[in-house]
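Asker: Quick note: the numbering used here has the sequence shown finishing at residue 352, numbered continuously throughout.
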Amino acid sequence: MKLLEPVAPLIDLIYPPRCPLCGEGLAAQGGLCSACWQELAIPGDPACALCQRPFGDTQREGTVCAPCLADAPRHDGIAAGTLYNDASRRLVLAFKHGRRIALAPLLARLIAARLPQLDGEWLAVPVPLHRLRLWRRGFNQSALLAREIARLAGAEVVVDGLVRRKATPVLGGLGRKARARALSGAIAVNPRRAGGLKGAQVLLVDDVMTSGATSDACVSALKRAGAGKVVVACFSRVLEEALAHAT
106 MKLLEPVAPL IDLIYPPRCP LCGEGLAAQG GLCSACWQEL AIPGDPACAL
156 CQRPFGDTQR EGTVCAPCLA DAPRHDGIAA GTLYNDASRR LVLAFKHGRR
206 IALAPLLARL IAARLPQLDG EWLAVPVPLH RLRLWRRGFN QSALLAREIA
256 RLAGAEVVVD GLVRRKATPV LGGLGRKARA RALSGAIAVN PRRAGGLKGA
306 QVLLVDDVMT SGATSDACVS ALKRAGAGKV VVACFSRVLE EALAHAT
């Protein structure tokens, strides 16, 4: 980013800074206007000690939410930059389907702000796309976020740490068992990266976490390969019940 600083005034002259959501003029590139910032739902505390699901009332530190008590997660935490609402949805659509890849630094900064204290060395591994979807889209949005998060968090990015061995259908609307069947055998550790993942601390990076089925499949693959810790880092998380308590 520092390499662009000398030419920033010229870039602003040619491409005046504007809010990517509403088009309002901005003082600098790479942000949102104040009104659109206020539309984002940022997860707050207190939250579940295992999955960071925001609680709606006062809870003591270390409290675990009911879903995690019923079915303990394999991951070691979730860091979501935002809760999924209309504003975050529009940002994701612009980034992923509108091909506005310049939004990656903004989205990554929001994720990085929610990361726990990262002690030691960490690897940033994106949720993989199947090669056909990657060919159609032209980029893996999770890989772009992983590169930015690695830079912000001082981690090493391993862009091909995971591979998607078969194409999977859209999981929205499928039940838990159907999602599990669709993802069975779909995601695996890249054999060329298996040695580096053994015992590693991993940030699993994605744009949106919906049901958690895809991230669960990724976490399972990483843990089977011997990863010591896996924290899911996503831009937005679908948690309808938590939106009313977002800060």
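Virtual Cβ for every residue (Gly too), placed ideally from N, Cα, C.
The structure displayed is predicted, hence computed values, not measured ones.
If residue 232 sits next to residue 311, beta carbons under 8 Å apart, how far is it from one beta carbon to the other, in whole angstroms?
Answerer: In the sequence shown, counting from the first residue as 1, residue 232 sits at position 127. In the sequence shown, counting from the first residue as 1, residue 311 sits at position 206. 4 Å between Cβ atoms; contact.
Asker: I think residue 354 touches residue 217, with their Cβ atoms under 8 Å apart; what is that distance to the nearest whole Å?
Answerer: Coverage of the chain is limited to positions 106 through 352, which leaves residue 354 absent and any answer about it impossible.
Asker: In three-state DSSP terms, what is residue 179?
Answerer: On the sequence shown, residue 179 is found 74 positions in, with the first residue counted as 1. It is coil, neither helix nor strand.
Asker: How is the alpha helix (DSSP H) around residue 79 delimited, first residue to last?
Answerer: The chain is shown only over 106 to 352; residue 79 falls outside these bounds and no answer can be derived.
Asker: Considering just the uninterrupted stretch of the alpha helix (DSSP H) at residue 210, what are its terminal residues?
Answerer: Counted from its first residue, the sequence shown places residue 210 at position 105. 209 to 217 is the extent of the alpha helix (DSSP H) around residue 210.
Asker: Would you mind working out which of 237, 333, 285, 202 sits nearest residue 224, comparing C-alpha positions?
Answerer: The residue given as residue 224 occupies position 119 in the sequence shown. Residue 333 is the option with its Cα nearest to residue 224.
Asker: Going by DSSP in three states, residue 332 sits in which element: helix, strand or coil?
Answerer: Numbered from its first residue, the sequence shown carries residue 332 at position 227. Coil, per DSSP.
Asker: So does the segment 268 to 276 actually touch the segment 299 to 309, counting three or more Cβ pairs closer than 8 Å?
Answerer: With a cut-off of 8 Å, the segment 299 to 309 and the segment 268 to 276 do not count as touching, because too few Cβ pairs lie within range.
Asker: Can you pull the DSSP bridge partners for residue 320?
Answerer: Working through the sequence shown from its first residue, we reach residue 320 at position 215. Partner(s): none; residue 320 has no beta bridge.
Asker: Exposed or buried, what is residue 121 when buried is set at 16 or more other beta-carbons lying within 10 Å of its beta-carbon?
Answerer: Position 16 of the sequence shown holds residue 121. Burial call: exposed.
Asker: For the candidate residues 275, 140, 168, whose alpha-carbon lies nearest to that of residue 315?
Answerer: Taking the first residue of the sequence shown as 1, we reach residue 315 at position 210. Nearest option by C-alpha distance: 275.
Asker: By DSSP's criteria, residue 292 is part of a beta bridge. Which residues make up the other side?
Answerer: As a first step, residue 292 must be located in the sequence shown, where it is residue number 187. In the DSSP output, where bridge partners are listed per residue, residue 292 has 269.
Asker: Cα-Cα, which of 201, 228, 242, 342 is closest to residue 327?
Answerer: Here residue 327 refers to the residue found at position 222 of the sequence shown. Residue 327 has its Cα closest to that of 228, out of 201, 228, 242, 342.
Asker: Would you kindly check if the distance between the Cβ of residue 210 and the Cβ of residue 253 is under 8 Å?
Answerer: Within the sequence shown, the letter at position 148 stands for residue 253. Within the sequence shown, the letter at position 105 stands for residue 210. Contact: yes.
Asker: For residue 313, which of 127, 154, 190 has the nearest alpha-carbon?
Answerer: If you number the sequence shown from 1, residue 313 lands on position 208. Ranking 127, 154, 190 by Cα distance to residue 313 puts 190 first.
Asker: Whole-angstrom Cβ separation of residue 250 and residue 213, contact assumed at under 8 Å?
Answerer: On the sequence shown, position 145 is the one that residue 250 refers to. On the sequence shown, position 108 is the one that residue 213 refers to. Indeed they touch by this definition, with Cβ atoms about 5 Å apart.
Asker: Using C-beta distances below 7 Å, list every residue in its chain close to residue 154, excluding the 5 sequence neighbours before and after it, in chain order.
Answerer: One-based indexing of the sequence shown puts residue 154 at position 49. If we look at residue 154 and ignore the five residues flanking it on each side, its Cβ neighbours are 167, 168, 169.
Asker: Looking only at its chain, what residues have a beta carbon closer than 6 Å to the beta carbon of residue 265, apart from the 5 residues adjacent to it on each side?
Answerer: Along the sequence shown, read from residue 1 onward, the residue named residue 265 stands at position 160. Closer than 6 Å at Cβ, skipping near neighbours: 295.
Asker: Taking the beta carbon of residue 156 as the centre, do at least 16 other beta carbons fall within 10 Å, making it buried, or is it exposed?
Answerer: Residue numbering aside, residue 156 sits at position 51 when the sequence shown is read from its first letter. Buried is the call here.
Asker: Rounded to whole angstroms, what's the CA-CA distance from residue 195 to residue 126? Just pull it up for me.
Answerer: Position 90 of the sequence shown, counted from the first residue, corresponds to residue 195. Position 21 of the sequence shown, counted from the first residue, corresponds to residue 126. Cα-Cα distance, rounded: 7 Å.
Asker: Per DSSP, what kind of secondary structure is residue 236 in: helix, strand or coil?
Answerer: In the sequence shown, the residue the question calls residue 236 occupies position 131. Residue 236: helix per DSSP, three-state reduction.
Asker: Tell me whether residue 246 is buried or exposed, calling it buried when 16 or more other Cβ atoms sit within 10 Å of its Cβ.
Answerer: For the purposes of this step, residue 246 is taken as the residue at position 141 of the sequence shown. With 16 or more Cβ atoms within 10 Å of its Cβ, residue 246 is classed as buried.
Asker: Identify the continuous alpha helix (DSSP H) that holds residue 197 and give its terminal residues.
Answerer: Counting from 1 along the sequence shown, the entry for residue 197 is found at position 92. Looking at the DSSP string, the run of the alpha helix (DSSP H) that includes residue 197 is 191 to 201.
Asker: Would residue 338 be called buried (16 or more neighbouring beta carbons within 10 Å of its own) or exposed?
Answerer: Locating residue 338 in the sequence shown gives position 233, counting from the first residue. So residue 338 ends up on the buried side.
Asker: Tell me which residue opens and which closes the beta strand (DSSP E) that residue 228 is part of.
Answerer: The sequence position of residue 228 within the sequence shown is 123, counting from 1. That run of the beta strand (DSSP E) goes 227 to 231.
Asker: Excluding sequence positions up to five away, which residues of its chain have a Cβ less than 8 Å from the Cβ of residue 293?
Answerer: In the sequence shown, counting from the first residue as 1, residue 293 sits at position 188. The answer, listed in chain order, is 267, 268, 270, 326.
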